[in-house]
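Notes for the one structure printed next.
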Amino acid sequence: MKTFKSLLFSFFVVLISSCDNDNDPANNVCDTAYVSSAITTAYSTANGCDDIETMDLETHEYSIKINAAGEICSIGYQNPSTYTGGYTMEVTNTTTGTSYSGVHTFSQAGLDYQTIGTPVQVNSGDIITVKRTILPGYTMLNQTIGRVLRKSNYTDVPYPITQGNVEFLSSNFYGTGGPVPNFAQPYIALGFQVY
Numbered sequence: 112m113k114t115f116k117s118l119l120f121s122f123f124v125v126l127i128s129s130c131d132n133d134n135d136p137a138n139n140v141c142d143t144a145y146v147s148s149a150i151t152t153a154y155s156t157a158n159g160c161d162d163i164e165t166m167d168l169e170t171h172e173y174s175i176k177i178n179a180a181g182e183i184c185s186i187g188y189q190n191p192s193t194y195t196g197g198y199t200m201e202v203t204n205t206t207t208g209t210s211y212s213g214v215h216t217f218s219q220a221g222l223d224y225q226t227i228g229t230p231v232q233v234n235s236g237d238i239i240t241v242k243r244t245i246l247p248g249y250t251m252l253n254q255t256i257g258r259v260l261r262k263s264n265y266t267d268v269p270y271p272i273t274q275g276n277v278e279f280l281s282s283n284f285y286g287t288g289g290p291v292p293n294f295a296q297p298y299i300a301l302g303f304q305v306y
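Counting from 112, one number per residue, gives the positions in the sequence shown under the working numbering.
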């Protein structure tokens, strides 16, 4: 009987451990704070940045390098106070060519995360481009503004900026004007599940 219990226990241990190859149950979720925490810390008021709504161009974009293996599983954004409509949100792994594109509408009250239909796989060191483009049909130019983190002294963002496993490489704003590179860091967050 003791051998049977030991055998049964061993079977359950093997079965449970085979579900996750790193035995870390904390990383089996889409961590919505993974990139937003890095953005907030790297571009904090203490680092000379302001969190504002500005930049009246249709597309707000940035590139990052994630130094961890996993998948981008959600996207977070906050509609500005001037617009309640939708955006085409794009996440492209420029290293591998895999991508996600979908139309989303976000809350105006705060950062709103939405699951993306097809998670974007990331190997440590891959370059990721993140884009938000306002949908056609907006009626006023001030609807194209978005939440950005801008240097208080109005200088360009001194890319690259590394915060934890995330390295911010560049930003760009364009559409009905521009391009305007490295003006500010768009506040477009990503949920990330570490493998």
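We put the CB at the ideal spot given by N, CA and C, even for glycine.
Determine the extent of the alpha helix (DSSP H) in which residue i is found, giving its start and end residues.
| i | result |
| --- | --- |
| Ser148 | 144-153 |
Which of helix, strand or coil does DSSP assign to residue i?
| i | result |
| --- | --- |
| Asn253 | helix |
| Thr273 | strand |
| Ala180 | coil |
| Thr193 | coil |
| Asn158 | helix |
| Val140 | coil |
| Ser235 | coil |
| Leu260 | strand |
| Pro290 | coil |
| Gly228 | strand |
| Thr165 | strand |
| Gly221 | coil |
| Thr240 | strand |
Can you name the residues that DSSP bridges to residue i?
| i | result |
| --- | --- |
| Tyr265 | Tyr265 pairs with nothing; no bridge assigned. |
| Phe284 | His171 |
| Leu301 | Ile186 |
| Gln296 | Leu260 |
Counting C-beta neighbours from all protein chains within 10 Å, is the total for residue i 16 or more, i.e. buried, or is it exposed?
| i | result |
| --- | --- |
| Asn139 | exposed |
| Asn158 | exposed |
| Asn283 | buried |
| Val214 | exposed |
| Ser206 | In the sequence on display, residue 206 carries Thr and not Ser. It counts as exposed. |
| Met200 | buried |
| Met251 | exposed |
| Ala180 | exposed |
| Asp237 | buried |
| Tyr173 | buried |
For the beta strand (DSSP E) containing residue i, name the first residue and the last one.
| i | result |
| --- | --- |
| Gly208 | Note, Gly208: premise wrong, no beta strand (DSSP E); not H, not E. |
| Met200 | 198-204 |
Would you mind stating whether residue i and residue j have Cβ atoms separated by less than 8 Å?
| i | j | result |
| --- | --- | --- |
| Ile186 | Gln225 | yes |
| Asp162 | Gly302 | no |
| Ser263 | Cys160 | yes |
| Glu182 | Gln304 | yes |
| Leu260 | Ala300 | no |
| Gly257 | Pro297 | yes |
| Ile54 | Val268 | Residue 54 falls outside the range modelled here, since the chain spans only 112 to 306, and no answer is possible. |
| Ile177 | Thr203 | no |
| Asp167 | Thr244 | no |
| Tyr198 | Leu246 | yes |
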